[in-house]
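In this note's numbering, the protein residues as written are 39 to 181. Beta carbons: idealized from backbone N, C-alpha and C, even for Gly. It should be emphasised that the depicted structure is a prediction, and the values quoted were computed from it without experimental measurement. Below: one structure, written as structure tokens.
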């Protein structure tokens, strides 16, 4: 995608995933976050949770994927900010969504800011107040 193709208010194609327990274990291994409440049913239940809950860092990975899948292989994610708002549990479906909120040129870079959020399949908020700043290439026709 080229910078010139983007419009304020443009929606990013949603990214949906069912977060499985094997995905959570793989993520724990990749990030060295071995807190058992992210993968052990008994530990999660002892804490009063219905199931192991998703590591918040995993949400950051999903939001980065949402933005970069939309922006394309020549884009560069410059900033990602998010706030965790609610629990999402193993086996639940999440929907990652975004919308372009700002387009600007700064310091020789063509930047797009997107507002982002993640909801569980039942509408509960997992992440809100999230944003990403992505640098896009200029169209060769404009340069």
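For residue 130 against residue 46, the beta-carbon gap comes to about 32 Å, at or over 8 Å, which does not count as contact.
Cα atoms of residue 64 and residue 142: separation of roughly 37 Å, rounded to the nearest angstrom.
Here residue 160 is exposed, its C-beta having fewer than 16 other C-beta atoms within 10 Å.
Cα atoms of residue 168 and residue 106: separation of roughly 15 Å, rounded to the nearest angstrom. Here the alpha carbons of residue 76 and residue 66 stand approximately 8 Å from one another.
Taking 8 Å as the cut-off, the beta carbon of residue 126 is found closer than this to the beta carbon of residue 92. Contact between residue 39 and residue 174 is confirmed by a C-beta separation of about 6 Å, below the 8 Å threshold.
Per DSSP, residue 101 is not a residue of any beta strand (DSSP E); the alpha helix (DSSP H) it occupies stretches across 94-109. Sequence-distant Cβ neighbours of residue 44 in its own chain, meaning closer than 8 Å and more than five residues away, are 138, 141, 150 and 174.
In the DSSP assignment, no residue is bridged to residue 81. Cβ neighbours of residue 49 within its own chain (closer than 6 Å, five residues either side excluded): 137.
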